[in-house]
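See below for the structure under consideration.
In the numbering used here, the protein residues as written are 56 to 358.
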């Protein structure tokens, strides 16, 4: 009888321990910091170098990567089969790039001070050149929303001559492409911008103010409910399928949707921008000064 009693007690204890272990197992990236967004055993890999200053990586529908070399005034393409080519010469000092849902490459021409759309054949359409009859400062980064509107940042780095706007702000080009609205006017120097796939939230980095904020996107494209998101500014930014936001500082810093830093990715050169690409959107591409880098990820892109 005693033996049966002890066996029953041991069985109950083992069941309780197993249940406790099951309850404490991490389920998501938010539950535990030790679940990396990087694929197990993977490291940053240099794909190509010899550029002057790489920026604005963007993936097309197939996963090929397009990126800017600003001083050399070019937009390059890194194909899925690992080949480098030049997509556009005389790019207007193109910086931030992004593909729209129709397969056109949207570009912030920092030197040309305009927002353009480039079709697959290289034909250029100008989308925006001014706000209130005055030219922009030097368009930097952009994000097209699900409705077809485009958010873009307009700082000025370097020479500040011929600045005709009253500051460095963030704008929204309406989906009909007929109107430009100023949606943020209280930043020091806005830079990186990215939104959620559902079009409900917009993340904007104040590089000059060294902070990143998140906004609610209203039905008309205006922004409200500004909240601090990360205590760092950023150059370019991206987002993954778990809602994590990737900021570029001296490294790539990853923050979960609550604003908690969960990962630091060290790159051989200082990163300027990031995007997901490749066949399954599970490769993180990083433009960093004179080179293009990649890293295989556990998380995947959603843009």
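Virtual Cβ for every residue (Gly too), placed ideally from N, Cα, C.
Would DSSP call residue 215 helix, strand or coil? Three-state result, residue 215: coil.
Counting beta carbon pairs with one atom in the stretch 172-187 and one in the stretch 333-342, are three or more of them shorter than 8 Å? Counting Cβ pairs under 8 Å, fewer than three are found: no touch.
Nearest-angstrom Cα distance between residue 139 and residue 124? Between residue 139 and residue 124, the C-alpha separation is close to 13 Å.
Can you tell which of 224, 166, 137 has its C-alpha closest to the C-alpha of residue 333? Ranking the options by Cα distance to residue 333, first place goes to 137.
Of the residues 164, 192, 327, which one's Cα is nearest the Cα of residue 129? The residue with the shortest Cα to Cα distance from residue 129 is 164.
Stretch-stretch touch, CB-based, cutoff 8 Å, three pairs: the stretch 193-205 with the stretch 148-159: Between the stretch 193-205 and the stretch 148-159 there are three or more inter-stretch CB-CB distances shorter than 8 Å, so the stretches are counted as touching.
Does DSSP put residue 342 in a helix, in a strand, or in coil? Correct three-state label for residue 342: strand.
So, are the CB atoms of residue 110 and residue 342 less than 8 Å apart? In contact: residue 110 and residue 342 (Cβ atoms closer than 8 Å).
Is it the case that the Cβ atoms of residue 328 and residue 112 are separated by a distance below 8 Å? Taking a C-beta distance under 8 Å as the contact criterion, residue 328 and residue 112 qualify as a contact pair.
Tell me which residues share the same chain as residue 84 and place their Cβ nearer than 8 Å to its Cβ, disregarding the 5 neighbours each side in the sequence. Only weak support exists for where residue 84 lies, its pLDDT of 42 falling under 50; the value from the coordinates is given anyway. Result list for residue 84: 90, 92, 297, 299, 311, 317, 354, in chain order.
In chain order, what residues of the same chain have a beta carbon less than 8 Å from the beta carbon of residue 194, not counting five sequence neighbours either side? Around residue 194: 150, 151, 163, 164, 165, 168, 169, 170, 207, 208, 209.
Which residue's Cα is closest to the Cα of residue 161: 189, 126, 115? Ranking 189, 126, 115 by Cα distance to residue 161 puts 115 first.
Given a cut-off of 8 Å, decide if residue 293 and residue 308 are closer than it, judged by their beta-carbon atoms. No, the pair does not count as a contact, with Cβ atoms beyond the cut-off.
Kindly indicate which residue of 324, 349, 357 has the alpha-carbon position closest to the one of residue 253. Ranking the options by Cα distance to residue 253, first place goes to 357.
How about residue 351 and residue 97: are their beta carbons less than 8 Å apart? A distance below 8 Å separates the beta carbons of residue 351 and residue 97.
Close Cβ partners of residue 235 (< 6 Å) along its chain, the five nearest in sequence each way excluded: Excluding sequence positions up to five before and after residue 235, its CB lies within less than 6 Å of the CB of 183, 186, 226, 228, all in the same chain and listed in chain order.
I'd like the span of the beta strand (DSSP E) that includes residue 319, first residue to last. Unbroken beta strand (DSSP E) run through residue 319: 316-320.
Cβ atoms of residue 264 and residue 243: under 8 Å apart, would you say? Cβ atoms of residue 243 and residue 264: closer than 8 Å.
Taking the DSSP output, what are the residues bridged to residue 129? In the DSSP output, where bridge partners are listed per residue, residue 129 has 124, 144.
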